[in-house]
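Report on one structure; see the data block that follows.
Residue numbers (my numbering): 65 to 152.
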């Protein structure tokens, strides 16, 4: 490695590291397309990193819909309906 400078030294060092990895049976030099880094097709489809252009349950919710959902999950539906009638 003597006499090499800059990018030539970097390239030579990288070639040696890749050669050592190949001797160990590793896939090298393929970047992100390497089979070892790719997730299987069916791996946890529920996990998404972004919501995309369509509606999503993480989007802001209307206040009336949100309070209705809370009342329903806590079993308050009948009492809320009674309150709405008496409130008018």
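Beta carbons are placed, not taken as given, at the ideal position from N, Cα and C, and that holds for glycine.
Since we're looking at a predicted model, the values are computed, not measured.
Span separating the alpha-carbon of residue i from that of residue j
i, j, result
"residue 125", "residue 143", "23 Å"
"residue 93", "residue 118", "38 Å"
"residue 123", "residue 66", "59 Å"
"residue 80", "residue 121", "50 Å"
"residue 134", "residue 127", "11 Å"
"residue 85", "residue 69", "24 Å"
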